[in-house]
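S.K.: My questions will all concern the structure given below.
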Amino acid sequence: MLGRFERGTLSRRQLIQGLSLLAAAATPAAALAQDGGVKATSLNHLGIVVSNLQRSVDFYQKMLGLTVVSQEPASKIARLGQKGTLISLREAAPVGVDHYALSIEGFDRDVVTKRLTQLGVAPQQDTDSGFHVKDPDGVNVQLV
0 MLGRFERGTL SRRQLIQGLS LLAAAATPAA ALAQDGGVKA TSLNHLGIVV SNLQRSVDFY
60 QKMLGLTVVS QEPASKIARL GQKGTLISLR EAAPVGVDHY ALSIEGFDRD VVTKRLTQLG
120 VAPQQDTDSG FHVKDPDGVN VQLV
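Its first residue numbered 0, the sequence shown is counted upward by one per residue in numbering that gives the first Met the number 0.
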């Protein structure tokens, strides 16, 4: 799905709808990692890099009825949603999907770091994607 979005054959709206459907379809049993890894319980938000923050904020407010949940003007970040953050917009280049975030049941950074390290994955921390790992194709998966 991400590849189709990056090639321009899938719109932002279609990508968000698809990711939302995937998150909604996950059952507690499916969320448990086969190897005893951490348990993801829901899609927390989607991070999108945009060329013009205000234009994108206006779009998501007008077209999808989302409201600004929080902002970081110095970092050119706006988070939009209804009850919580659904979309995190950051003005930068190149534009595209920056990361997606999964809520982890009972999230404890130290415990998650230890477990992922045992599984051979090194979590990273940065301003753009927060606490995250990279999937096999290099996509940032933020863990919250």
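Glycine included, each C-beta is placed from N, C-alpha and C at the ideal position. What you are looking at is a predicted structure, and each value in this text was computed from that prediction instead of being measured.
In chain order, what are the residue ranges of uninterrupted alpha helix (DSSP H) at least 4 long that sit wholly in the region 90–122?
M.R.: 108–117
S.K.: Let me check understanding here. Comparing Cα to Cα, which of V110, G105, G80 and E104 lies closest to S69?
M.R.: Among V110, G105, G80 and E104, the Cα nearest to that of S69 is on G80.
S.K.: Let's see if you can read the secondary structure: which residues bound the alpha helix (DSSP H) around Q53?
M.R.: L52 to L63
S.K.: Classify S74 as helix, strand or coil using the three-state DSSP reduction.
M.R.: Note: S74 maps to helix in three-state DSSP.
S.K.: Could you please give the first and the last residue of the uninterrupted beta strand (DSSP E) stretch that includes Q81?
M.R.: Careful: Q81 lies outside any beta strand (DSSP E) and carries neither H nor E.
S.K.: Can the beta-carbon of A77 be found closer than 8 Å to that of V56?
M.R.: Cβ atoms of A77 and V56: closer than 8 Å.
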